[in-house]
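**Q** Before we start, here is the structure in question, set down as structure tokens.
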């Protein structure tokens, strides 16, 4: 039902090519011939907690379709499913829902040779062969272009409520929460998304002196920093930190630390194996 | 050649941690599978530097090397072929550091799974993957096989609980894949490494994610007059939007064997038993338990036994976890399978499993992770009976084929190793296998890291194929 053959022939086997979805995250590479992945939901199976869709399907459309079955998926809102997976960055619910890389169970992608290739399997549990799906998530289209995917879904919680309270020491509060979905901290205030049975949520919030509020604070957009979660206490300036995760949304720009040379070499060896001529999303450094 | 390799290793490690005598080599020629290989040398490094030295020695002598943890693997992943060097990480068994606030710990690969959890108990934490072998399997082995366990239904398998690995690659270099920071730039090499069955390198330090112990737990046993009713209950629980902490099934033959072994008052007349555990905050646990019992009743559950205290809970779990030991009372040998099918296909595939075993005149018991469709049919036999092994292997292959045909996969948690290497084409086309071979070639261009496993010929370009004794290929 998802037309992978047409997608594969659009990608072809020669010449530079890029892929773009809705342009939400960064779009394709400028000046390079561009293709789009097929879109549409093939099926939703709430009793298996899985969904199959084209990588070009908008995330918001997928989330709306899953909601009708009482399910949701741990992808950041906006853009396409393929874009969210290819960029691989989670939203502020990563603490409770897990990283984006845990969502992809099976992928059909188009390789640099123009072949349709399958990675992973359709079940929620699978260790048949090497974990190519995890390599594809966050690979920014440098190893192959996602065409169709099977994703792990999760039930929509019965009750879901953001709370806030004054806090100068998140390390003192966070360990007292049981599996919160999200905990954010800006240096003086702590926000927590608590989900589950309403009586449990209420009791936990009360015990910690947290009051219900409308939602999380706006996130500064100067940079999205990644650091050991134990280091967020020493962040300065205007920021919102994801407690227990180590992602810090900061008002100021930032450049990530240099990667280890052997790690870079290894990543480039993977790229060379998958795309020896560098035709897929040229210029993206893995 | 072996003597020269051993001499190099004795100089680099220490003479008492390099073994070449026939008796000791005999102990390392297999893992917990039925497949035999042959080791040239076995060494026991204590540090990352010693692992590097061992790998470099193997490279110098052109000898393949096989990483080995506790040797509890069931797919032959740690079986040394062609007189390989076995690098056993069992003596690297320290917990190096624990961050109890952010719930992570750096550990060495030889730390045993259950030991890690026991050491974390005082912090109210545990390591979520809990294979049935958790008393004896190591974290390094869990990483290599991306191991699962009953409680992986709600919390995910090992890949979701490994934040970083320090690895020694086949050229002797060291790299840290992943890190304490959540989003390391570039490809998720950590994710690729987990489940690579020793073919990408050797993990020398692992940063594991630790999980909070739940404030409340409720464990219950429901019995059913038919396997179908039990299987349909499983699907209905998940479809109702609940993900229990564990959802396990045992069939009648298994319940009887276990009951004769532990005397827990299990319902030996039932066709199937579901062991369900819900955990979390108190109100959620109460509400979910009530709904699960109601769903069970709708699907014909007979008695529902809810563990009244920790002792009874432990007893019910003991029944589940000692199932494999209990089987020895019926026949001396068993072959444990591991496939996954969509939950909705459980009744149909279980029917086929019984039919296949019947046709081959074998006893089969089912004790498995029903919540995620992870079947573990146990073929029970006496290998002294002439011709029985042919039937065991033929029935096993038919069970794997039936699972894949039902929309399932080859393995849920044991891995591919040698056991299922030649079944990979049931699930993957040549281009799919070539992509997996490309991953391997990037990590190990030399092809000396645990060769001949996982990838069938010709996908394993560099690996000359090898069929060891006991393999079903």
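Protein chains in written order, with the working numbering: chain A, 19 to 304; chain X, 2 to 474. The C-beta atom is built at its ideal place from N, Cα and C for all residues, glycine as well. Being a predicted model, the structure only gives us computed values, none of them experimental.
1. Out of A:111, A:167, A:198, A:259, which has the shortest C-alpha to C-alpha gap to residue 21 of chain A?
2. Is it true that the CB of residue 243 of chain A sits closer than 7 Å to the CB of residue 272 of chain A?
3. Can you find a C-beta in chain A that's less than 7 Å from the C-beta of residue 462 of chain X?
4. Mind listing the chain X neighbours of residue 133 of chain A? Cutoff is C-beta to C-beta under 7 Å, in chain order.
5. Please tell me whether residue 300 of chain A has its Cβ less than 7 Å away from any Cβ of chain X.
6. Checking the sheet assignment: what are the DSSP bridge partners for residue 209 of chain A?
7. Which residues does DSSP list as the beta-bridge partners of residue 268 of chain A?
8. Shortest alpha-carbon distance to residue 289 of chain A belongs to which of A:245, A:159, A:259?
9. Look up residue 29 of chain X in the DSSP assignment and say whether it is helix, strand or coil.
10. Can you give, in chain order, each stretch of the beta strand (DSSP E) that sits fully within the region 95 to 121 of chain X and has at least 3 residues?
11. Where residue 134 of chain X and residue 246 of chain A are concerned, what is the direct C-alpha to C-alpha distance, given to the nearest angstrom?
12. Since residue 251 of chain X contacts residue 368 of chain X with CB under 8 Å, what's their CB separation in whole angstroms?
13. Leaving out five residues before and five after residue 122 of chain X in sequence, what residues of the same chain have Cβ atoms less than 7 Å from its Cβ?
14. Say whether chain X places a C-beta atom closer than 7 Å to the C-beta of residue 27 of chain A.
15. Using 7 Å as the limit for Cβ to Cβ distance, is residue 55 of chain A near chain X?
16. Just to confirm the assignment, what range does the alpha helix (DSSP H) spanning residue 312 of chain X have?
17. Where DSSP assigns a beta bridge to residue 88 of chain X, which residues make up the other side?
18. Consider the Cβ of residue 284 of chain X: report whether some Cβ of chain A lies at a distance smaller than 7 Å.
19. In angstroms, rounded to a whole number, what distance separates the CA positions of residue 84 of chain X and residue 419 of chain X?
20. Go through its chain and collect everything with a Cβ distance to residue 323 of chain X's Cβ below 7 Å, but skip five positions before and after it.
21. Where does residue 186 of chain A land, buried or exposed, given buried means 16+ other C-beta within 10 angstroms?
22. Note down the Cα distance separating residue 496 of chain X from residue 394 of chain X, rounded to an integer number of angstroms.
23. Taking only the alpha-carbon atoms, compute the straight-line gap between residue 1 of chain X and residue 118 of chain X and give it to the nearest angstrom.
24. Can you grab the Cα-Cα spacing for the pair residue 465 of chain X / residue 453 of chain X, in whole Å?
25. Taking beta-carbon pairs under 7 Å, can you tell me which members of the region 43 to 72 of chain X lie near chain A?
26. Which partner residues does residue 225 of chain X have in the DSSP bridge list?
27. By how many angstroms is the C-alpha of residue 274 of chain A removed from the C-alpha of residue 338 of chain X?
28. Under 8 Å by Cβ, that's how I've got residue 277 of chain X and residue 293 of chain X pegged, so tell me the actual separation to the nearest angstrom.
29. At which residue ranges does the region 421 to 445 of chain X contain complete alpha helix (DSSP H) runs of 4 or more residues, listed in the order of the chain?
30. Under 7 Å, Cβ to Cβ, is there at least one residue of chain A near residue 345 of chain X?
31. DSSP three-state call for residue 253 of chain X: helix, strand or coil?
32. Return the first residue and the last residue of the alpha helix (DSSP H) that residue 69 of chain A is part of.
33. So which residues on chain A does residue 437 of chain X lean against when the C-beta distance must stay under 7 Å?
34. Can you check DSSP and say which residues form a bridge with residue 59 of chain A?
35. I believe residue 258 of chain A touches residue 188 of chain A by the beta-carbon criterion, under 8 Å. Please report the beta-carbon distance rounded to the nearest angstrom.
36. For the region 402 to 429 of chain X, which residues have a CB atom closer than 8 Å to at least one CB atom of chain A, in sequence order?
**A** Per the coordinate set shown:
1. In the first chain, the residue the question calls residue 21 of chain A occupies position 3. Residue A:167 is the option with its Cα nearest to residue 21 of chain A.
2. Here the question's residue 272 of chain A lines up with position 254 in the first chain. Here the question's residue 243 of chain A lines up with position 225 in the first chain. Contact: yes.
3. One-based indexing of the second chain puts residue 462 of chain X at position 461. Only weak support is given to the placement of residue 462 of chain X: the predicted model assigns it a pLDDT of 47, under 50, and the question is left unresolved by the model.
4. Within the first chain, the letter at position 115 stands for residue 133 of chain A. Annotation: Cβ neighbours of residue 133 of chain A in chain X (cutoff 7 Å, chain order): 432.
5. Within the first chain, the letter at position 282 stands for residue 300 of chain A. Closer than 7 Å: no.
6. Taking the first chain and counting its residues from 1, one reaches residue 209 of chain A at position 191. Paired residues: A:182, A:202.
7. The count along the first chain starts at 1 and reaches residue 268 of chain A at position 250. Answer is A:241, A:257.
8. Within the first chain, the letter at position 271 stands for residue 289 of chain A. The candidate whose alpha carbon is nearest that of residue 289 of chain A is A:159.
9. The sequence position of residue 29 of chain X within the second chain is 28, counting from 1. DSSP places residue 29 of chain X in coil when its eight states are reduced to three.
10. Correct list: 96 to 100, 105 to 108.
11. In the second chain, the residue the question calls residue 134 of chain X occupies position 133. In the first chain, the residue the question calls residue 246 of chain A occupies position 228. So the alpha carbons of these two residues sit roughly 32 Å apart.
12. Within the second chain, the letter at position 250 stands for residue 251 of chain X. Within the second chain, the letter at position 367 stands for residue 368 of chain X. The beta-carbon distance between residue 251 of chain X and residue 368 of chain X, rounded to whole angstroms, is 5 Å. This is short enough to meet the 8 Å contact definition.
13. Counted from its first residue, the second chain places residue 122 of chain X at position 121. Around residue 122 of chain X: no qualifying Cβ.
14. Indexing the first chain from 1 puts residue 27 of chain A at position 9. Taking Cβ atoms only, chain X never reaches closer than 7 Å to residue 27 of chain A, which makes this a no.
15. Taking the first residue of the first chain as position 1, residue 55 of chain A is located at position 37. No, no contact with chain X.
16. On the second chain, position 311 is the one that residue 312 of chain X refers to. 311 to 322 is the extent of the alpha helix (DSSP H) around residue 312 of chain X.
17. Translated into positions along the second chain, residue 88 of chain X becomes position 87. In the DSSP output, where bridge partners are listed per residue, residue 88 of chain X has X:44, X:68.
18. The count along the second chain starts at 1 and reaches residue 284 of chain X at position 283. It does: the Cβ of residue 284 of chain X has a partner Cβ on chain A nearer than 7 Å.
19. The sequence position of residue 84 of chain X within the second chain is 83, counting from 1. The sequence position of residue 419 of chain X within the second chain is 418, counting from 1. The straight-line gap from Cα to Cα measures roughly 16 Å.
20. As a first step, residue 323 of chain X is located in the second chain; it is residue number 322 there, counting from the start. Excluding the 5 residues flanking it on each side, residue 323 of chain X has same chain C-beta neighbours closer than 7 Å at 259, 262, 263, in chain order.
21. As a working mapping, residue 186 of chain A is identified with position 168 in the first chain. So residue 186 of chain A ends up on the exposed side.
22. Given a span of 2 to 474 for chain X in the structure shown, any question on residue 496 of chain X remains unanswerable.
23. The displayed coordinates of chain X run from 2 to 474. Any statement about residue 1 of chain X would go beyond what the structure contains.
24. As a working note, residue 465 of chain X is residue 464 in the second chain. As a working note, residue 453 of chain X is residue 452 in the second chain. Any reading at residue 465 of chain X must be qualified, since the residue scores a pLDDT of 43, below 50, and its modelled position is unreliable; the value itself is stated next. Each residue's Cα considered, the two are about 7 Å apart.
25. Flagged: no residues at all.
26. By one-based count along the second chain, residue 225 of chain X stands at place 224. Note: residue 225 of chain X sits in a beta bridge opposite X:273.
27. Counted from its first residue, the second chain places residue 338 of chain X at position 337. Counted from its first residue, the first chain places residue 274 of chain A at position 256. If you draw a straight line from the Cα of residue 338 of chain X to the Cα of residue 274 of chain A, it comes to about 46 Å.
28. Against the second chain, residue 277 of chain X aligns to sequence position 276. Against the second chain, residue 293 of chain X aligns to sequence position 292. Under the criterion of beta carbons closer than 8 Å, residue 277 of chain X and residue 293 of chain X qualify as touching, at roughly 6 Å.
29. Those alpha helix (DSSP H) runs which fall completely within the region 421 to 445 of chain X and span 4+ residues are 425 to 428, 431 to 444.
30. Locating residue 345 of chain X in the second chain gives position 344, where the first residue counts as 1. The beta carbon of residue 345 of chain X falls within 7 Å of a beta carbon belonging to chain A, placing the residue at that interface.
31. Position 252 of the second chain, counting from 1, holds the residue named residue 253 of chain X. Residue 253 of chain X carries a helical assignment under DSSP once its states are collapsed to helix, strand and coil.
32. As a first step, residue 69 of chain A is located in the first chain; it is residue number 51 there, counting from the start. Annotation for residue 69 of chain A: no alpha helix (DSSP H) segment contains it, though the beta strand (DSSP E) segment containing it runs 68 to 72.
33. Position 436 of the second chain, counted from the first residue, corresponds to residue 437 of chain X. Taking the beta carbon of residue 437 of chain X as reference, the chain A residues within 7 Å of it are 147, 148, 150, listed in sequence order.
34. Here residue 59 of chain A refers to the residue found at position 41 of the first chain. Looking at the DSSP assignment, residue 59 of chain A forms a beta bridge with A:71.
35. Position 240 of the first chain holds residue 258 of chain A. Position 170 of the first chain holds residue 188 of chain A. Contact between residue 258 of chain A and residue 188 of chain A is ruled out by a C-beta separation of about 12 Å, above the 8 Å threshold.
36. Listed in sequence order: 408, 409, 410, 411, 412, 413, 414, 415, 416, 417, 421, 425, 428, 429.
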